[in-house]
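2 protein chains.
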Amino acid sequence: VDQSAELVAANARYYQAFEAADLDAMSEVWERTARVTCTHPGWATLRGWAQVSASYFALFSGPVRTQFVLTGQQVVLNGATGWLSLDENLLGEQAGVAVAALNVFVRDGGRWSLVCHHGSVVHAAGD
Amino acid sequence: VDQSAELVAANARYYQAFEAADLDAMSEVWERTARVTCTHPGWATLRGWAQVSASYFALFSGPVRTQFVLTGQQVVLNGATGWLSLDENLLGEQAGVAVAALNVFVRDGGRWSLVCHHGSVVHAAGD
Chain L
911 VDQSAELVAA NARYYQAFEA ADLDAMSEVW ERTARVTCTH PGWATLRGWA
961 QVSASYFALF SGPVRTQFVL TGQQVVLNGA TGWLSLDENL LGEQAGVAVA
1011 ALNVFVRDGG RWSLVCHHGS VVHAAGD
Chain F
911 VDQSAELVAA NARYYQAFEA ADLDAMSEVW ERTARVTCTH PGWATLRGWA
961 QVSASYFALF SGPVRTQFVL TGQQVVLNGA TGWLSLDENL LGEQAGVAVA
1011 ALNVFVRDGG RWSLVCHHGS VVHAAGD
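Protein chains in written order, with our numbering: chain L, 911 to 1037; chain F, 911 to 1037.
Following this line, the structure appears as structure tokens:
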């Protein structure tokens, strides 16, 4: 098994679930434990799956659908932990916004699960 | 050796180096490899030690000294990887600003080294 490819696929499922506003698919991506953390752009950090899942429920229940073009993806493996640094370039109503993201995954039972997502809007120089 | 305590100590050295604007001490905290990433609040992600160290050189050469009160620190260990989620509450000229941070470390040779730092300003509801 190519762990790097599996990790990249798990990360892709995160963005597919987000674009589809599919809470079940998003739940499959995350570890669903107390130790997970999620920092949406400009938000305080949410801790634990109850808080994190509630945030996706709220985002997915709203009118805005988000589409991403992902660029600059860098993948790092360190044992049973892996992380991706990438840029989320938003389309649609939020076109022109770039979000720097760091996604940390852990491997357990042959499966990569998301444990940390941190996104922040990149401000152009002079903003 | 209590790995969790060692990890917390390594993280504390990051903030001590930042407050002291001490580039040598900051260099000791980081892994100093091509895989490190650093996202300062509002910045694009910097990749590799050359870019990351240059950013601290620039920050430490400027007139603003940063002091932090750290709150909400959560520590997670996963094998030879560990990470901390915490809030950096800024003092002095930037008083009132809260930065949500995620710091990822790897252990090698009995030592924890920082490989990812991601910080983003928390906007109060309604901002």
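C-beta atoms are modelled at their ideal positions from N, C-alpha and C, and glycine is treated no differently.
Computed from a prediction, not measured in an experiment: that's the story for all the values here.
Secondary structure of residue i, DSSP reduced to three states
i, result
"F/G1002", "helix"
"L/R1017", "strand"
"L/A920", "helix"
"F/Q926", "helix"
"L/V1032", "coil"
"F/V939", "helix"
7 Å Cβ cutoff, residue i in contact with chain F
i, result
"L/R945", "yes"
"L/S995", "yes"
"L/L987", "no"
"L/T949", "yes"
"L/H1027", "no"
"L/V939", "no"
"L/S1030", "yes"
"L/T976", "no"
"L/V979", "no"
Beta-carbon separation (whole angstroms), residue i vs residue j, contact threshold 8 Å
i, j, result
"F/G952", "F/V1009", "Going by Cβ atoms, the distance from F/G952 to F/V1009 rounds to 10 Å, so no, they are not a contact pair."
"L/E1003", "L/V974", "6 Å"
"F/L980", "F/Y925", "7 Å"
Below-7 Å beta-carbon distance, residue i vs any chain L residue
i, result
"F/A922", "no"
"F/G1006", "no"
"F/A954", "yes"
"F/V1016", "yes"
Cβ neighbours of residue i in the same chain (closer than 8 Å, five flanking residues each side left out)
i, result
"F/V918", "Q983, V985, L994"
"F/G1020", "V911"
Closest Cα partner of residue i within the set the options
i, options, result
"F/Y966", "F/S1023, F/T943, F/R1017, F/D934", "F/D934"
"F/H950", "F/D1018, F/E1003, F/E998, F/A1005", "F/E998"
"L/H1033", "F/V1014, F/A954, F/A968", "F/A954"
"F/L1001", "F/T991, F/F978, F/G989", "F/F978"
Residues near residue i by beta carbon distance below 7 Å, same chain, minus five either side
i, result
"F/W940", "V946, W959, V962, S1023, L1024"
"F/D1037", "With a pLDDT of only 46 at F/D1037, under 50, the local geometry of the prediction cannot be trusted, and the value read off the model is given with reservation. Once the five neighbours on either side are set aside, F/D1037 has no close Cβ partner at all."
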